[in-house]
Each structure stands twice: as structure tokens, then as C-alpha cells.
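First the structure, in the form of C-alpha cells, and then the observations on it.
Residue numbers (full-length UniProt numbering): 1 to 560.
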């Protein structure tokens, strides 16, 4: 239950909700004429759905423009081509062009493929700038310079032309993969463990990302990885790999191997094109690391509790939210009656907390979101709006009182609960012996037991350049006017829950590139109106509406 403070960029929230920048989400907007009706359609589903995907044969072979909007998972395609400038003209579809960079890979089933971008497409322009004959590095810089939007003018070639052109390109002395882009990933191998499986005892090395357990791999899996990478990147000079041993290693020698593997994986992951390739991603993310290797799916996950203690658990990395929540509840001895009033959340950037969906795998969130300052991005917290129910639970359960108290203290300290002139009075009650008094006083202040979403556009305002902060509370739903960076403005619209008749998450349509939240409301002497909110968390906003509605119905039933 948080407030996103001023200084936050909505585009930053978009990037935090997806993690790496190699996958794309975009819509197709063909510039040239099209031979069939498919290409004028918008393909805006995030990683899935909604349009007809044209085949390579049906796609217009002349230059056409694709408008791209980066999703929370990035752009999703790789570019390959010459590293030098200029070069001989080549015929593509009957026209002569200077050497062109081309799309070397597109995420299978991803938004790029659904929108019509194809492996082998030749890139003519990036954001309206001609890139004929330019270097690979320049094309990459042009792509990045557009931020979250990208316009690519490409030529889709036939499979035969792609096979004809690529050997010529790769034979050129100017052609190479660009290894110059480097980045520092917080990847490490801090420990090794002994595993017994099927009567065999072997060592696995535990790979961590930003201190969070990512996966565990055997030495031979690392060896298979480096062999596969050498085949894929044959012109790259790889760092020295720890040699094999014909003899059983001592604990000291195994630890030495661990340190050398850590240095090796750090160095290769610092090269972006290698770290982002499918081989490396499969090694880090798949349960077994490679098709022929033994699976080691057990991983460690850390969960932050309301009193700021951390709970460490060993789970199967594919375990979904309900199972992880149940394991956590059992570990802290949570009473069965309290279970519906707590949940697992992701600590997103700028202190916004998003409730995990039941179909999500907490470990995937745990390892991919390593931008939070704490040692984990998964928290266990209250999932309750009703002050009546809160009072009932805190009177009967010491654990509920303790957790609600410490969460309230944290929200006051972070500015989510705003006591104003009563801060001194509130601080005087911040004592473990006066928890009930502290919570009772907090209930009077704005921000308590509320969820404030990051700034986002809404048609509740005249211009989509004007943003709002959706605020869900038990008493009312509010839209606080703000600037895109979160700076508050004077206008605030309040909606009584009795005025709101329906709400839902709408799929992308011809006008919108991603799902959005919508609700209907009716006020006396006025026609019914529909409001659209273009938050990047539409499903969570709907879940908040559902929860408040359910709790209000329960409270009303008790008072009748």
C-alpha cells in the first residue's frame, strides 16, 4: 500500500516491469501499399495475441515501415551486419542497395514475430534516418536513441534471397558480430553444494544474480555451455576455461574451480551479445541448463516480512505463487483465518508494490528484478482494505497486530502515510507496547490502507499528456492529477464505490498498444460515463477493485 512520489518517470515504470531490453512489443503500421488486408492491422498484444500473423510469402517485399513500442520486456530482436562503413551495392528485390544491417533473430511467438518482423528483414531506415552502408554500432545507437518507440523501415526478402545474401555478407572482411558493447551484470557463484541423485553424488555450483539464487549447474554443464558458445561465436576470444581433472578434487580444489568458473561467467556475461543469446539464456533459465544434463531445479528464495526480517526458503524454481505463499505462511505459523488477508508482492522500482498473480512463478520475479535496494524483491504483506476487519483481526491475533504495526511504521517512514502536523504524536506511539494505539491513529491519515499506482495517462483528463495517480481505498476511489514525472497537481476526482457500476481489463485494440483498465460510473442527473486508465498494471488495479467490492459486501452483511 504505497504512494509513488514525485520525480518518477512513467517510462521508468515501464522498464521496471520487464526486465531486460532484448524483446519487443510493437504494432505494425505499413508505409507502402499492401497486397492483402492483414498488414494494416495492429498487432499489439504483449507476447501473445490478437492479430493474424502474415507469412513471409504474403508480406510486401518493398520497403515498409514498422512502428515499434518497447514493452516491459524490451524490443526482442537482434541486428547483425558489417562493422565497417560502405561496401559494394547489392540487388534486393530488383533494386540496388548499399550493405544493410539485417534482423538476425526474432523471439519465437513474441510480439515482434506477431507484428510481422521477420528474421532476414533488411533495415533501410531507423527512426527516419537512412542506414544504408552504415556500421553495426551506428544502427544500434540509432535504435536506442528513440527510447521506448522505434520506427524501422525494412525490406522483407524471400528465404532464397536471405540465403543468397548472408553468405556474401559473412564472407566480407567487414562483417562481424559487435562485441564492443559491454555491461556489468551482478552475476556470481558464491558457493557449491553436494547433490545426491539416482545413487550418484556430484557437485553443483550455485549461480546468483545480485545475491539471489538463479540456478545450480554441474561442471560438465559449464563445459557444454562454453563449447556451444564457441561454435556460435567462433570469432570471439573467450577467456580461459577451468580445465578438466582426471582425479577426484578435494574441497579446496573444488572451491578453486568455483572461483575460476565465477570469473569466466562474469567475463562472458559482460559482453552483451553473448549474455543475451539464446544459449546463455537457456543455460541460466532452464531447469536443466541443456537437454542432455541432469536437472537441478531447487533454488533458494528470500521473502521480506513486514517486520523487516527475511525468510529464506528452498523451493522448486517452477513453483507458482499459491504454493510459495502457503509455504511462507506455514513457516511463520500464520493462522488459517489470517491467510486471506496477506499476500506476496513484488517490490517494483519507486517503492510500488504489485501483488503477484496466482499463475506467476515468484522465483522468476525474484531473479529478474535485481534493481531493488533490498536483498529481495518479494515481500509478504497485508492484503486488506476494511478498517473494521483490520480492527477485528488485530484484537484477536498478535501476529496480525505485529505485522500491521510494522508495515504502518514503514509506510509512515517512506511518506506513503501522511500524518502532517501529527507526526510528532505518531512517533511518540511508535513503541512495541503501543501497537494498537499507533495503528488506530494511522487510520485517520491519508495514505493508510491505500494502494496508489504509478502515474499513467487516462481519458479522465482532456489530454493523454496529462497523467493521473489512481488511488484505491476502502472509502473511495480517487484519480489524483499529476505531471508525467509524478509531480502532483491541484485537481483530484473522487468516486464513491456506489457510483461505480462495472470495471474490467480491456485487451489492446486499434487505438491502444497494451491492455488497459476501464470502469463505468453513474452520478445523479448525469449520463453514465466510462473512464479508461492506461496503467501498466491493469490486472492488479482490477484485483484491487474486486477486493474492495468483496470486503464492502462482507462489512454490509455484518451490519445488517
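We put the beta carbon where it would ideally sit given N, CA and C, even for glycine. Computed from a prediction, not measured in an experiment: that's the story for all the values here.
What do you reckon, are the CB atoms on residue 411 and residue 417 nearer than 7 Å? The sequence position of residue 411 within the chain shown is 411, counting from 1. The sequence position of residue 417 within the chain shown is 417, counting from 1. It is a contact, given that the beta carbons lie within the stated cut-off.
Just verifying my parser: in three-state terms, what is the DSSP assignment at residue 144? One-based indexing of the chain shown puts residue 144 at position 144. It is helical.
For residue 346 versus residue 367, is the C-beta distance shorter than 7 Å? The residue given as residue 346 occupies position 346 in the chain shown. The residue given as residue 367 occupies position 367 in the chain shown. Cβ distance not < 7 Å, so residue 346 and residue 367 don't count as in contact.
Nearest-angstrom Cα distance between residue 301 and residue 387? Counting from one through the chain shown, the residue named residue 301 turns up at place 301. Counting from one through the chain shown, the residue named residue 387 turns up at place 387. Roughly 32 Å between the two C-alpha positions.
Mind checking whether residue 472 and residue 451 have CB atoms under 7 Å apart? For the purposes of this step, residue 472 is identified with residue 472 of the chain shown, where counting begins at 1. For the purposes of this step, residue 451 is identified with residue 451 of the chain shown, where counting begins at 1. Result yes, Cβ atoms of residue 472 and residue 451 sit closer than 7 Å.
Looking at chain E, is there any beta carbon in it that lies within less than 7 Å of the beta carbon of residue 508? Looking at the structure shown, chain E is missing, and only one protein chain is on hand.
6 Å CB neighbourhood of residue 153 in its chain, flanking five on each side removed: Here residue 153 refers to the residue found at position 153 when the chain shown is read from its first residue. Excluding positions up to five away in sequence, the list reads 63, 65, 124, 125.
Is the beta carbon of residue 195 closer than 7 Å to that of residue 262? Taking the chain shown and counting its residues from 1, the one referred to as residue 262 is at position 262. Taking the chain shown and counting its residues from 1, the one referred to as residue 195 is at position 195. No, the Cβ-Cβ distance between residue 262 and residue 195 is not below 7 Å.
Go ahead and pull the three-state DSSP assignment for residue 335. Position 335 of the chain shown holds residue 335. Coil, per DSSP.
Supposed contact pair residue 299 and residue 213 - C-beta distance, whole angstroms, cut 8 Å: Locating residue 213 in the chain shown gives position 213, counting from the first residue. Locating residue 299 in the chain shown gives position 299, counting from the first residue. Going by Cβ atoms, the distance from residue 213 to residue 299 rounds to 5 Å, so yes, they are a contact pair.
Distance between beta carbons of residue 92 and residue 157, contact taken as under 8 Å: Along the chain shown, one-based indexing puts residue 157 at 157. Along the chain shown, one-based indexing puts residue 92 at 92. Residue 157 to residue 92, Cβ: 6 Å. Contact.
Should residue 142 go down as buried or exposed, given a rule of 16 or more other Cβ atoms within 10 Å for buried? Residue mapping note: residue 142 aligns to position 142 of the chain shown, counting from 1. With 16 or more Cβ atoms within 10 Å of its Cβ, residue 142 is classed as buried.
Determine the burial state of residue 55: buried for a count of at least 16 other Cβ atoms within 10 Å of its Cβ, exposed for fewer. Here the question's residue 55 lines up with position 55 in the chain shown. With a pLDDT of 45 at residue 55, under the threshold of 50, the modelled position of this residue cannot be trusted, and the question is left open.
Which residues mark the beginning and the end of the alpha helix (DSSP H) in which residue 253 is found? Stepping through the chain shown from its first residue, residue 253 is reached at position 253. 251–269 is the extent of the alpha helix (DSSP H) around residue 253.
N-terminal and C-terminal residue of the alpha helix (DSSP H) that residue 541 is part of: For the purposes of this step, residue 541 is taken as the residue at position 541 of the chain shown. Residue 541 -> alpha helix (DSSP H) spans 538–559.
Coarse secondary structure for residue 220, derived from DSSP in three states: To locate residue 220, count along the chain shown from 1; it is residue 220. Helix, per DSSP.
From the DSSP secondary-structure annotation, give me the bridge partner or partners of residue 125. Here residue 125 corresponds to residue number 125 of the chain shown, with the count starting at 1. 130, 153.
Report the partner residues of residue 65 according to the DSSP bridge assignment. The count along the chain shown starts at 1 and reaches residue 65 at position 65. According to DSSP, which records beta bridges pairwise, residue 65 is partnered with 153.
Status (buried if at least 16 other CB within 10 Å, exposed otherwise) for residue 408: Counted from its first residue, the chain shown places residue 408 at position 408. By the neighbour-count rule (16 or more Cβ atoms within 10 Å), residue 408 is buried.
Considering only residues of the same chain and omitting the five flanking positions on each side of residue 377, which have a CB-CB separation below 7 Å? Locating residue 377 in the chain shown gives position 377, where the first residue counts as 1. Hits under 7 Å: 346, 347, 365, 366, 369.
Give the straight-line distance between the Cα atoms of residue 223 and residue 257, rounded to the nearest whole angstrom. Taking the chain shown and counting its residues from 1, the one referred to as residue 223 is at position 223. Taking the chain shown and counting its residues from 1, the one referred to as residue 257 is at position 257. Those two C-alpha atoms are separated by around 12 Å.
Does the separation of the CB atoms of residue 103 and residue 113 fall below 7 Å? As a working mapping, residue 103 is identified with position 103 in the chain shown. As a working mapping, residue 113 is identified with position 113 in the chain shown. Result no, Cβ atoms of residue 103 and residue 113 do not sit closer than 7 Å.
Is residue 351 helix, strand or coil when you go by DSSP? The residue labelled residue 351 in the question sits at position 351 within the chain shown. Three-state result, residue 351: helix.
Based on Cα-Cα distance, which residue from 116, 227, 85, 144 lies nearest to residue 134? Counting from 1 along the chain shown, the entry for residue 134 is found at position 134. Closest option to residue 134, Cα to Cα, is 85.
When you compare only the Cα positions, how much space is there between residue 160 and residue 137? As a first step, residue 160 must be located in the chain shown, where it is residue number 160. As a first step, residue 137 must be located in the chain shown, where it is residue number 137. Straight across, the Cα-Cα distance linking residue 160 with residue 137 is about 27 Å.
So the beta strand (DSSP E) residue 497 belongs to, where does it begin and stop? The residue you call residue 497 lines up with position 497 of the chain shown. Segment: none, residue 497 is in no beta strand (DSSP E) and carries neither H nor E.
Would you check if there are 3 or more beta carbon pairs closer than 8 Å linking the segment 494–512 to the segment 438–457? no
Roughly how many whole angstroms lie between the Cα atoms of residue 477 and residue 529? Counting from 1 along the chain shown, the entry for residue 477 is found at position 477. Counting from 1 along the chain shown, the entry for residue 529 is found at position 529. So the alpha carbons of these two residues sit roughly 15 Å apart.
Assign residue 595 to one of two classes, buried (16 or more other C-beta atoms within 10 Å of its C-beta) or exposed (fewer than that). The chain is shown only over 1 to 560; residue 595 falls outside these bounds and no answer can be derived.
Bridge-paired residues (DSSP) for residue 96: Residue mapping note: residue 96 aligns to position 96 of the chain shown, counting from 1. Its beta-bridge partners are 91.
Under the three-state reduction of DSSP, which class applies to residue 480: helix, strand or coil? Position 480 of the chain shown, counted from the start, is the residue given in the question as residue 480. In this structure, residue 480 counts as strand in the three-state DSSP scheme.
Environment of residue 216 [buried if 16+ CB atoms lie within 10 Å]: Your numbering for residue 216 matches position 216 in the chain shown. When all chains shown are included, residue 216 counts as buried.
Tell me which same chain residues have a C-beta within less than 7 Å of the C-beta of residue 515, skipping the five on either side of it? Residue numbering aside, residue 515 sits at position 515 when the chain shown is read from its first letter. If we look at residue 515 and ignore the five residues flanking it on each side, its Cβ neighbours are 505, 506, 507, 508, 538.
Whole-angstrom distance between residue 144 and residue 23, CA atom to CA atom: Taking the first residue of the chain shown as 1, we reach residue 23 at position 23. Taking the first residue of the chain shown as 1, we reach residue 144 at position 144. Note that residue 23 scores 32 on pLDDT, short of 50, meaning its location in the model is unreliable; the coordinates nonetheless yield the value given after this. Whole-angstrom Cα-Cα distance: 13 Å.
Between 327, 228, 361, which lies nearest to residue 279 when the distance is taken from Cα to Cα? On the chain shown, position 279 is the one that residue 279 refers to. For residue 279, the nearest C-alpha among the options comes from 228.
Own chain partners of residue 394 with C-beta closer than 7 Å, once the 5 adjacent residues on each side are dropped: Walking along the chain shown from the start, residue 394 turns up at place 394. If we look at residue 394 and ignore the five residues flanking it on each side, its Cβ neighbours are 400, 401, 404, 436, 439.
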